[in-house]
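Numbering (UniProt numbering), first residue to last: 1 to 73.
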């Protein structure tokens, strides 16, 4: 699994834990829904700025987001 897929999986897991749709996440993060969909599928490189918008909308922060065994080597 590459880093794009790991990030996408984590975004999707957090979104589903909050029981929100991609559309709603797009609205509260001010990130295009298709962009979020592509991130979740591991098809899109994501900048730190965009990822931070998404992560904050999911009520967490980047440090917590990356503090996951998924990102450990």
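Ideal Cβ placement from N, Cα and C applies to all residues, glycine included.
Run of the alpha helix (DSSP H) containing residue i, from where it starts to where it stops
| i | result |
| --- | --- |
| residue 14 | 3-17 |
| residue 44 | Premise fails: residue 44 is in no alpha helix (DSSP H) and is neither H nor E. |
| residue 20 | Segment: none, residue 20 is in no alpha helix (DSSP H) and carries neither H nor E. |
| residue 71 | Unbroken run through residue 71: none, as it is neither H nor E. |
| residue 62 | 62-66 |
Cβ-based neighbour list, residue i, same chain, cut-off 7 angstroms, excluding 5 preceding and 5 following
| i | result |
| --- | --- |
| residue 31 | 50, 53, 54 |
| residue 26 | 32, 33, 36 |
| residue 8 | 39, 40, 41, 42 |
Cβ pair residue i, residue j closer than 8 angstroms
| i | j | result |
| --- | --- | --- |
| residue 65 | residue 10 | yes |
| residue 37 | residue 22 | yes |
| residue 6 | residue 70 | yes |
| residue 39 | residue 48 | no |
| residue 42 | residue 72 | no |
Buried versus exposed, by CB contacts within 10 Å (16 or more), residue i
| i | result |
| --- | --- |
| residue 62 | exposed |
| residue 58 | buried |
Same chain, Cβ closer than 6 angstroms to residue i, neighbours up to 5 away in sequence not counted
| i | result |
| --- | --- |
| residue 15 | 25 |
| residue 44 | 38 |
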